[in-house]
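Accompanying notes for the structure given below.
Number of protein chains: 4
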Amino acid sequence: MSSEESLFRPIFVPNELCEAVSARAWLQAMLDAERALAAASGVDGVAEACDASLYDLAAIAEEARGPGNPVEPLVRALRERSGVADAHRGATSQDILDTAAMLVARTVRSLVVRELEEAASTCARLAGEHRATVMPARTLLQQAVPTTFGLKAAGWLVALLDARRRLLAWAPVAQLGGAGGTLALLGDRGLEVLAAYARELGLAEPELPWHATRSPVHELVVACDGVASACGKIGLDLVLLAQTEVGEVLVPNGVSSTMPHKRNPVAPALSRACAQRVHALAGTFVGEHEHERAAGAWHAEWEALSDVLALTGGAAFHIRRALDGLEVDPGRMRENLRPETVSEAGRDISPAEYLGSAPAFVDRALARFRADLG
Amino acid sequence: MSSEESLFRPIFVPNELCEAVSARAWLQAMLDAERALAAASGVDGVAEACDASLYDLAAIAEEARGPGNPVEPLVRALRERSGVADAHRGATSQDILDTAAMLVARTVRSLVVRELEEAASTCARLAGEHRATVMPARTLLQQAVPTTFGLKAAGWLVALLDARRRLLAWAPVAQLGGAGGTLALLGDRGLEVLAAYARELGLAEPELPWHATRSPVHELVVACDGVASACGKIGLDLVLLAQTEVGEVLVPNGVSSTMPHKRNPVAPALSRACAQRVHALAGTFVGEHEHERAAGAWHAEWEALSDVLALTGGAAFHIRRALDGLEVDPGRMRENLRPETVSEAGRDISPAEYLGSAPAFVDRALARFRADLG
Amino acid sequence: MSSEESLFRPIFVPNELCEAVSARAWLQAMLDAERALAAASGVDGVAEACDASLYDLAAIAEEARGPGNPVEPLVRALRERSGVADAHRGATSQDILDTAAMLVARTVRSLVVRELEEAASTCARLAGEHRATVMPARTLLQQAVPTTFGLKAAGWLVALLDARRRLLAWAPVAQLGGAGGTLALLGDRGLEVLAAYARELGLAEPELPWHATRSPVHELVVACDGVASACGKIGLDLVLLAQTEVGEVLVPNGVSSTMPHKRNPVAPALSRACAQRVHALAGTFVGEHEHERAAGAWHAEWEALSDVLALTGGAAFHIRRALDGLEVDPGRMRENLRPETVSEAGRDISPAEYLGSAPAFVDRALARFRADLG
Amino acid sequence: MSSEESLFRPIFVPNELCEAVSARAWLQAMLDAERALAAASGVDGVAEACDASLYDLAAIAEEARGPGNPVEPLVRALRERSGVADAHRGATSQDILDTAAMLVARTVRSLVVRELEEAASTCARLAGEHRATVMPARTLLQQAVPTTFGLKAAGWLVALLDARRRLLAWAPVAQLGGAGGTLALLGDRGLEVLAAYARELGLAEPELPWHATRSPVHELVVACDGVASACGKIGLDLVLLAQTEVGEVLVPNGVSSTMPHKRNPVAPALSRACAQRVHALAGTFVGEHEHERAAGAWHAEWEALSDVLALTGGAAFHIRRALDGLEVDPGRMRENLRPETVSEAGRDISPAEYLGSAPAFVDRALARFRADLG
C-alpha cells in the first residue's frame with residue numbers, strides 16, 4: 002500500500018520498500034511472469050502489453066472479487082490489450098501469482114540486504130573501536146561479570162551476518178504447472194518451457210510445481226523471521242542500554258516534543274515493533290495446503306507475504322538507523338560497573354584477567370565480517 | 002487502506018469495512034478523542050477543527066516518522082488550525098491513539114455483528130428446513146452414523162451466536178492518563194475529566210489507565226478471533242461438503258473462467274483465508290508491555306489491529322455470502338450415505354432410531370437464536 | 002507428568018499443579034465421566050469400577066496407540082472390571098475425553114485462582130502502603146514524569162483481578178453426543194440423560210454437542226492466556242525494576258551460587274517463561290475442526306491443554322512468590338528520579354502537583370479489590 | 002517424559018524418541034558436556050562421574066527449583082561424586098544446558114531422518130508404481146483436470162527430501178562462554194579450550210558464544226517445523242483421499258471398535274496433530290533474549306524444545322506408518338474422475354494429451370531421490 006494511504010505504514014517502512022511491495026509492483030511482477038511465459042512458449046505480441054502502467058489497477062482489483070484472485074481479470078485485460086488470445090496459455094492463476102511473489106520478494110531482499118550490510122558495517126566499526134571498552138555483562142538483567150562493548154557489538158554483528166547469509170541462501174523459484182500441475186496444455190514441451198520461463202525471469206527452476214508444497218515461501222518467511230530476530234535482539238539491547246538509569250548508549254533522534262529532556266529510543270522501538278509483527282505474521286504460513294491448490298491457505302499468503310517483506314525491511318531499516326548515529330558512553334559503562342562485578346573472592350582483578358577471550362572473539366567476528374562482505 | 006491502492010484487499014474485505022479502518026477513519030477517531038478531551042476539560046474552540054477532512058493525511062503520516070507516532074504531528078496541526086494551544090492538554094499520544102482504536106473497533110464491530118446476524122439467520126433457516134434431511138455424520142472424515150443437515154446447520158448457528166455474544170460483550174474503554182498515567186496535568190480534576198471524556202465518546206470509563214496492561218485490546222482481539230474461528234469452521238465444512246465427490250452443497254458463484262465445469266467455493270475459501278490471517282495476527286498482541294508505555298509492543302498493535310478488524314469482517318462477510326445462496330442437495334446426502342452407516346449389527350435401523358436427539362438439538366439452537374436476536 | 006520424571010517441569014510448576022494434570026488425574030476424570038454417564042442413563046454396577054487406582058495406566062497408554070486415543074482401552078478395561086457391557090453406552094470417546102478435560106481444567110482453575118488471589122492481595126497491600134512512594138514513570142524505558150509505586154502496584158492488581166474474573170467466568174461444559182452428535186443410542190432419552198450427566202458432574206449443559214465447535218476449550222485457553230499476560234506483565238516490570246542499575250525492588254531468593262553478589266530475579270523470570278509458553282501453546286487451538294470430529298486438530302489439544310493449564314498455574318505461582326517477599330526501596334526510587342523528570346519548564350513542581358490522580362486511582366483499584374474478593 | 006507417565010505421549014511419540022528426550026537423556030547430555038569441558042581444559046578425574054545412572058534425577062529436579070535451572074544442583078552433585086572442585090570451572094549453567102540441548106537434538110535428528118528416509122522411499126516406490134495411474138487433480142477441493150497418483154506421490158517425496166535436507170543442514174553448535182560470554186575464567190586458554198570442547202563432543206565450534214543470539218536453536222526449530230509441514234501436508238492429502246466418498250486410498254490400521262465398518266485414518270490424523278503442535282510450539286522461540294542471558298526467554302526453551310523434537314519425530318513416525326501399508330485404489334481414482342474433468346471443449350482428450358509433463362516430473366523426483374539417498 003502506498004504511504005499516502007496509511008497513517009501508520011510510513012512510520013515503520015521506508016518509501017522505497019513500500020513501493021517494492023505496492024499494488025503496482027505486484028502487478029508489474031505478474032506481467033513480468035506473463036511476458037516470460039509468452040517468450041518461453043513462443044507466443045508473440047505479448048511483451049509490449051506487459052507494462053503495469055497500461056492497466057487500471059483499481060478496476061482489476063475490483064474485478065478480482067468474483068474469482069477470488071487478481072490474475073483472472075489481469076489475463077482478460079492482457080488479452081484484450083495485446084490482442085493475443087494465447088497469452089497466459091499453459092498457466093494457471095497460481096503460476097503467475099506465485100512467480101510474482103518470488104519477483105517481489107527478490108527485489109525486497111536486495112533492499113533488506115543493503116540495510117543489513119550497512120548495519121553490520123556499523124557493528125563492525127563499533128566492535129573494533131570498543132574492543133577494550135569495559136562494561137557489565139548482564140544476565141537475567143543483573144550485572145554478572147565484566148565484558149566489553151566490543152564483544153556486545155560483535156554479537157550483534159554475527160547475528161546480522163547470519164541473518165544476511167540465510168536471506169541470501171534463499172533461492173526464488175519459478176512456478177509453472179498449469180491447472181493441475183501437469184503442464185498438460187504445453188503438450189510435450191512442458192519441461193522445455195518451464196526451463197525457459199525460469200531462465201527468462203532469472204529464477205531457479207523447480208523440480209516440480211510447488212502449488213501445494215510451499216517450501217519456497219516457507220523458506221523465505223523463515224529467512225525474514227531470522228532477520229527480524231537479529232534486528233529485534235539489537236533493538237532490545239539498545240532500549241535497555243539507553244534506559245535513563247543505565248545511559249550507556251544514546252540513540253539518535255527521538256526528542257520528545259512534550260518532554261524535551263526525554264530522548265526516546267524511537268528507532269529501536271520501531272525495529273522491535275516490526276520484528277514482533279513479522280514473528281506473528283510468520284504464523285500465517287504454517288497451514289497445510291490441500292491437494293493441488295488450497296482452499297484458503299494460499300489466499301491467506303498474499304497480503305501476509307507483502308507485510309512480512311515490508312516489515313522485515315522496516316526492522317532492518319530502523320536498526321540500521323539506530324546504529325548509525327549511536328553515541329556510546331564508555332565513561333558511563335565504567336561507572337555503572339559495580340565493584341563486586343569486578344572482583345573475585347574480594348580481590349579486585351585486572352582487565353587482562355577479567356576480559357578473557359573477549360578481544361579474541363571480537364577478532365573472530367571481524368574476520369567473519371570481512372569474509373562475508375569483503 | 003483504500004481499495005484503490007491494494008490488489009488484494011478488496012478480494013477479502015468489503016468496501017464499507019475497508020473504509021471503517023482507513024487512514025481517514027483513524028484520523029477522524031483521533032480527532033473525536035481530541036474533541037472529547039477539550040469538551041471534558043472545558044477547553045473551547047477545538048471542536049470545529051476536529052474534522053478529518055481539514056487535514057493533509059499524507060503530510061501527517063510523513064511527519065509521524067520522526068516521533069514514531071501520528072499523534073504528535075496531528076496535535077501540532079490541530080493547535081495551528083484551531084488556534085488553541087491548550088488543545089490536547091492533559092493527554093499523551095497514547096491516550097488519543099488508544100481511544101481512537103476503541104472508536105474504530107466499535108464501528109467495525111457493528112458491521113461485523115450485522116454480517117454475523119445475517120449469517121445466523123440463514124443458518125437458522127437451514128436448520129429448520131433441514132431438520133429431517135438425513136446425511137452422514139463424519140468423524141476423522143469417515144462416515145460414522147447418520148445425522149441431519151439441520152443439526153449441522155444448528156451447530157454453525159450456535160457457533161455464530163456464541164461468537165456474536167462474545168463480540169458484543171467486549172466493552173470499548175476510553176484511555177486517558179497523561180504522560181505517566183497520573184493525569185497530573187489535570188490537577189485535581191483528573192477523575193472528573195476522565196469520566197466526562199468517556200461519556201462524551203460513549204465509551205466505558207477505565208478504573209485505571211491501561212497504557213501497559215492491555216486488557217481492552219486483548220479482549221477485542223480474542224473476540225475477533227472467536228468470530229474468525231466460527232466462520233472458519235463453517236468455511237471448512239462447506240469446502241468439504243462441496244467437494245466434487247461429495248456434492249452435498251453447492252456454493253454460489255465461483256465459476257471458473259478457464260474450467261467452466263468447475264464451481265470453485267470461492268467465498269468459503271476466502272473466509273478461511275481471512276480466519277487464518279486473524280489467527281496469526283492475534284499473535285501480535287501477546288507481548289508484554291514495559292512499565293508505563295512499551296518500547297515497541299504498543300507500536301506493533303496499530304496496523305495489526307486494523308488488519309484483525311478488517312479481516313474478521315472479511316471472514317464474516319464471505320461466510321454470510323456463502324450461506325446466502327447455498328444450494329443444499331438432500332438427494333445427494335441420502336445417496337452418499339453408505340448402507341453400513343445406517344445399519345447396526347447388520348440390521349437396518351429406522352430414522353426415528355438413528356436420528357436420536359438431532360431434531361431436539363435443532364429446536365434448542367433455534368430457541369437460542371430467537372432469544373439472542375429476537 | 003510427574004515431577005520425578007522431568008528435569009524441567011518442577012522448576013516451572015508446583016507439585017500440586019503437576020498432579021492436577023497428571024496421567025492419573027486425567028484417568029480419574031475420564032472415569033468420573035463414565036460414572037456420571039452410567040448414573041445418568043440408569044446403568045448399574047459401574048460406579049465402583051470408576052477409581053483410577055484400579056487401572057494399569059501404562060497398559061492403557063500403550064494400548065491407546067492403535068485407536069489413537071486412550072478412551073477405547075479404558076472402556077474395555079472398565080467393562081471387564083465392572084462386568085457391565087453397557088458401560089459407556091451412548092457415548093463416543095470424545096465425549097469422555099472432552100468432559101475429562103473440563104474436569105481437569107476445573108480443578109486446575111481453583112488452584113490458579115488461589116494463586117491469583119494471593120498475588121492480588123499482595124499487590125493491594127503494596128498499592129496501599131506505597132500510595133505516596135514517588136518513583137519515575139517510564140515510557141519507552143525512559144523516565145517521563147513522576148508516578149507512585151502505589152499506582153504501579155494498583156495497575157498490576159487490576160490486571161490480576163481482570164484475569165481472575167475472566168477465568169472464573171469460564172464455564173466448564175459437559176460433552177455428550179455419541180458417535181455422530183445425535184445421541185442416537187440413547188433413543189428418546191437423549192436430552193434427559195445429557196442433563197443428568199451434566200448435573201452429576203456439576204458441569205454446564207451444552208445446547209448442542211461441541212465435538213467440532215470448540216468454544217468451551219477456546220474460552221478456557223483464552224482465559225488462561227489472560228492470566229499468563231497479567232503475570233508476564235508483572236514479571237517484566239519486576240525484572241526491569243530489579244536491574245542492578247535501577248534497584249528499586251529486590252526479588253526474594255535467587256542467590257547465585259557462583260556469583261554470591263548477584264540476586265537473580267528467578268521467580269519473575271520463571272513466570273515470564275511460563276507466560277511465554279502459554280502464549281505459544283495457545284496457538285495450538287486455532288485450527289478448525291472438520292465435520293463432526295477432526296482428523297488431527299482434536300488430538301493436538303490433549304497434551305497442549307495440560308501444558309496450558311500447568312504453565313498458567315506456574316506463571317501465577319511464580320509471580321505470587323515473587324510478590325510475596327518483594328522488598329521495595331523507596332529511597333532508591335526517589336534517588337533515581339532525575340531532576341528534569343520532576344520539573345516543568347525549569348521549575349520544580351510539588352508532589353501534590355505532579356502526582357495528580359495517582360492516589361485516587363489507587364483507591365479505585367483497592368475498591369475493586371474489595372468488591373471482587375471481599 | 003517416560004511413556005509410563007503420560008496417557009497421551011505414547012500415542013504420538015514412539016518409545017525410542019520418548020527416551021531420546023527423556024530426563025535421563027538430558028541429564029546424560031549435560032554430563033557429556035561437563036566431561037568434555039574437563040577433558041578440554043585438562044581437569045582430571047571428572048569423566049568417571051559423568052554417567053547419568055549415578056545420579057538421583059528426582060533430587061536434582063527438586064533442587065533445581067531454587068536456582069531455576071538443573072545445572073546448579075548437578076554441578077554440586079558432580080563435584081561431590083568426583084571429588085573434583087574444578088569440575089565445571091570456566092562454564093556457566095547455560096553453557097552446559099545449551100550444549101546438552103544440541104546433543105539431545107542431534108540424537109533425535111538421526112531418528113527423525115531415518116523415518117523421513119523410509120517415508121521417502123515409500124513415496125518413491127509409489128511414484129514409480131503409479132506413474133500412469135490417472136486421478137483427478139483437485140484445486141479448492143474441486144476436480145480440475147487429470148493428474149496421476151505418481152505425480153502426487155512425487156510431490157510428497159520432494160517435500161520430504163527438502164525437509165530432510167534442511168534438517169541435515171542444521172549444524173549442532175557447542176556453547177561455551179562462561180558467566181559473561183568472555184571465557185574469563187579460562188585465562189588466555191579460552192579459545193583453545195572452546196575448540197577442544199567442541200571437538201570432544203563432535204559439535205561445531207561457534208564463532209562467539211550464542212547465549213542471547215539463538216541462531217542454533219532457531220535454525221533447529223525451523224528445520225523441525227519444515228519436517229512437520231511436509232508430514233502435515235501428506236497427512237492432509239491422505240485423510241482427504243481416504244474419505245468415504247473418495248476412497249482412493251485406504252490407510253492401514255485404524256479399525257474402530259465401536260464401528261467395525263469404519264477405517265479411521267489414525268496415523269495421518271496423528272501426524273497432523275503432531276505437526277500442528279510443532280507449528281504452535283515454534284512460536285515459543287521468537288522472543289528476543291536480553292543482554293548476555295535472558296530473564297525468561299531462555300528458560301521457556303527447555304521443555305518446548307524437547308516437545309518440538311519429540312513431536313517432529315511423531316509427525317515423521319506416523320506419516321511413515323501411514324505410507325507403509327497404504328493401499329492405493331486406481332480403479333476408484335479412475336471412477337471418481339468426472340467426464341468433464343477429462344474433456345476439453347466437449348471433446349474427450351487422451352491420456353497422452355492430458356498428462357502432459359506428469360511422468361517427466363515423476364522422473365525428476367525419482368532422480369532427486371536417488372541423488373539424495375543413493
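Chains as they are written, first to last, in this note's numbering: chain A, 2 to 375; chain B, 2 to 375; chain C, 2 to 375; chain D, 2 to 375.
Backbone N, C-alpha and C define an ideal beta-carbon position, used for all residues, glycine too.
Own chain partners of residue i with C-beta closer than 7 Å, once the 5 adjacent residues on each side are dropped
i	result
HIS280(D)	ASP226 and ALA229
VAL222(A)	ALA283, PHE286 and VAL309
Straight-line gap, residue i to residue j (C-alpha atoms, nearest Å)
i	j	result
LEU169(A)	LEU162(A)	10 Å
ALA78(D)	LEU112(C)	33 Å
PRO74(B)	LEU241(B)	51 Å
ALA120(C)	TRP303(D)	26 Å
ALA92(B)	PRO207(C)	47 Å
Cβ-based neighbour list, residue i, same chain, cut-off 6 Å, excluding 5 preceding and 5 following
i	result
GLN277(B)	none
ALA30(A)	ALA101, LEU104 and VAL105
ALA34(A)	ILE97, THR100 and ALA101
ALA224(A)	ARG167, LEU168 and TRP171
VAL85(A)	GLY46 and VAL47
Contact with chain B by residue i, beta-carbon distance below 7 Å
i	result
HIS319(C)	no
LEU141(D)	yes
VAL96(C)	The amino acid occupying residue 96(C) in the given sequence is Asp; Val does not appear at that position. Chain B contact via Cβ: absent.
Residues that residue i bridges to, as DSSP identifies them
i	result
VAL135(C)	THR149(C)
ALA205(D)	VAL174(D)
LEU251(B)	GLU328(B)
ASP349(D)	SER344(D)
Chain D contact for residue i (CB, 7 Å cutoff)
i	result
GLY72(A)	One point to set straight first is that residue 72(A) is Val, not Gly, in the sequence displayed. It does not: the Cβ of VAL72(A) has no partner Cβ on chain D nearer than 7 Å.
GLY69(C)	yes
GLU293(A)	yes
Cutoff 7 Å: residue i Cβ touching any chain C Cβ
i	result
TYR355(B)	yes
THR285(D)	yes
ILE235(D)	no
THR100(B)	no
Status (buried if at least 16 other CB within 10 Å, exposed otherwise) for residue i
i	result
LEU374(C)	exposed
SER7(D)	buried
MET2(B)	Low per-residue confidence applies at MET2(B): pLDDT is 39, beneath 50, and the placement is therefore not dependable, though the value from the model is reported in the following sentence. Buried is the call here.
ARG371(A)	exposed
PRO340(A)	exposed
Any chain A beta carbon closer than 7 Å to residue i
i	result
ASP150(D)	Note on identity: in this sequence residue 150(D) is Phe, with Asp being the wrong assignment. By this cut-off, PHE150(D) is not an interface position.
HIS280(D)	yes
ASP163(D)	yes
Own chain residues within Cβ distance below 8 Å of residue i, not counting five before or after
i	result
THR214(C)	HIS290
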